[in-house]
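These notes concern the structure reproduced below.
Residue numbers (my numbering): 73 to 466.
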């Protein structure tokens, strides 16, 4: 009897343990279901996005007004197709007054006949009159063949537009001015490669160090017969809000650290012809640090293009002083990505080249930029020589 009773108790205990185990598993299952349902999946690491360039949008009323004047003038000149005219020159002169900074634009519009001058001026005056009330102009008649318009935003003199008739004896142009177009910040967007294939004019491509698609960029350059530069990342003024990326040069680095990084950049791309700065508004203002950079370029007989990301850059001055062939950017093509704005910048590039015999544009790997180049470069080829950056340095 006692043995049977013990067996019954043992059986009941086993059943209790079994039911307890099932209950625990059920609770654990419910808990796991609820927990997994409420807990979001770990997000996949996003691909690295490179900041193309330092962009300092100037939201001052003055510079917004200047932008509006620029667009209106260039749009008018582009639309006046029946007249035989062209933008003979354009210069930009930094100015400051009353704590305001702006670029004073001088634009020359060349016409063949006095009759053309008489036709174009009324329309031009209507365009200026339609602008904001705080935009005004003053007309200055130098002669019947030379009319000047001074444009003001409030009290600030922002533009001088010169319409002139050129004598036939002055039309004999011995050589076309040169332009070079550099595409910066390459190596992070593989999609841009097929877009670049559609350009049949000389380009200079500037690739970032350690970029994941640098090999593809190098192959494209070789295939197209273009020119390759290294795009040296340098410290911007508003770091870390704006980040130049990995392996950048900083002003707090020793000469040895800068030299080591420079050697790494140049070893990675043995076929490069030159270099320019990525960002660098702080670094390119530092004479001593730029001398360290130039020392490495001298060793390898490379040129330097100053991207001019700050008004106070000393990069080109230091390069010239140390014997590094150098030149500076004339315009950025794509601070505004609208097709019209890029077209206007190409017009400005051409005009600066006509005035100075040469001009350099820098663009970025945006589809809009490449589309604009494919569309408009064929129209420029009869007005300018399109060359690589190495043809622009002195």
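Ideal placement from N, C-alpha and C gives every residue a C-beta, glycine not left out. The structure presented is a predicted model; accordingly, all values stated were derived computationally and were not measured.
- Tell me, please, which residues DSSP counts as bridged to residue 165. Counting from 1 along the chain shown, the entry for residue 165 is found at position 93. For residue 165, which the question treats as bridged, DSSP gives the partners 176.
- Query: If you count every other CB in all the chains shown that lies within 10 Å of the CB of residue 192, and 16 or more means buried, which is it?
  - Reply: Position 120 of the chain shown, counted from the first residue, corresponds to residue 192. With 16 or more Cβ atoms within 10 Å of its Cβ, residue 192 is classed as buried.
- Task: Just list the beta strand (DSSP E) runs in the region 198-282, keeping only unbroken ones of 3 residues or longer that don't cross its boundaries, in chain order.
- Result: 207-215, 218-225, 228-237, 250-258 and 276-279
- Message: Relative to the C-alpha of residue 172, which candidate in 148, 358, 136 and 202 has its C-alpha closest?
- Response: Here residue 172 refers to the residue found at position 100 of the chain shown. For residue 172, the nearest C-alpha among the options comes from 136.
- Message: I'd like to check one pair, residue 180 with residue 160: are the Cβ atoms closer than 8 Å?
- Response: What you label residue 160 is simply residue 88 of the chain shown in a count that begins at 1. What you label residue 180 is simply residue 108 of the chain shown in a count that begins at 1. Going by C-beta atoms, residue 160 is nearer than 8 Å to residue 180.
- Task: Can you tell me which of 212, 365 and 274 puts its alpha carbon nearest to the alpha carbon of residue 433?
- Result: Within the chain shown, residue 433 is the residue found at index 361, counting from 1. Among 212, 365 and 274, the Cα nearest to that of residue 433 belongs to 274.
- Item | Start-end ranges of the alpha helix (DSSP H) lying completely within the region 295-375, minimum 4 residues | 327-340 and 359-371
- Task: For the region 216-230 and the region 410-429, state whether three or more C-beta atom pairs, one from each stretch, are separated by less than 8 Å.
- Result: no
- By the 10 Å Cβ neighbour count, where 16 or more other Cβ atoms means buried, how is residue 146 classified, buried or exposed? For this step, residue 146 is matched to residue 74 along the chain shown. Flag for residue 146 reads buried.
- Message: Within 10 Å of its beta-carbon, does residue 44 have 16 or more other beta-carbons around it, so buried, or fewer, so exposed?
- Response: The requested residue 44 does not occur in the structure, where the chain is confined to residues 73 to 466.
- Message: Assuming residue 385 is part of the beta strand (DSSP E), what are its boundary residues?
- Response: What you label residue 385 is simply residue 313 of the chain shown in a count that begins at 1. Unbroken run through residue 385: none, as it is neither H nor E.
- Please name the residue, chosen from 177, 250, 292 and 311, that lies closest to residue 352 on a Cα-to-Cα basis. Working through the chain shown from its first residue, we reach residue 352 at position 280. For the residues 177, 250, 292 and 311, the minimum Cα distance to residue 352 belongs to 311.
- Distance between residue 272 and residue 196 (C-alpha atoms, nearest Å): Here the question's residue 196 lines up with position 124 in the chain shown. Here the question's residue 272 lines up with position 200 in the chain shown. Looking at the two C-alpha atoms, the distance is approximately 36 Å.
- The alpha helix (DSSP H) enclosing residue 461, as first and last residue numbers: For the purposes of this step, residue 461 is taken as the residue at position 389 of the chain shown. Per DSSP, residue 461 belongs to no alpha helix (DSSP H) and is neither H nor E.
- Under 8 Å by Cβ, that's how I've got residue 398 and residue 466 pegged, so tell me the actual separation to the nearest angstrom. By one-based count along the chain shown, residue 398 stands at place 326. By one-based count along the chain shown, residue 466 stands at place 394. Rounded, the Cβ-Cβ distance is 7 Å, consistent with contact.
- May I have the straight-line CA-CA distance separating residue 348 from residue 315, to the nearest angstrom? What you label residue 348 is simply residue 276 of the chain shown in a count that begins at 1. What you label residue 315 is simply residue 243 of the chain shown in a count that begins at 1. Straight-line Cα distance between these residues: approximately 17 Å.
- Query: Going by the beta-carbon positions, is the gap between residue 395 and residue 255 smaller than 8 Å?
  - Reply: Locating residue 395 in the chain shown gives position 323, where the first residue counts as 1. Locating residue 255 in the chain shown gives position 183, where the first residue counts as 1. No, they are not a contact pair.
- Going along the chain, which residues of its own chain have a beta-carbon closer than 7 Å to the beta-carbon of residue 415, five neighbours each way excluded? Translated into the one-based positions of the chain shown, residue 415 becomes position 343. Cβ within range, chain order: 444 and 448.
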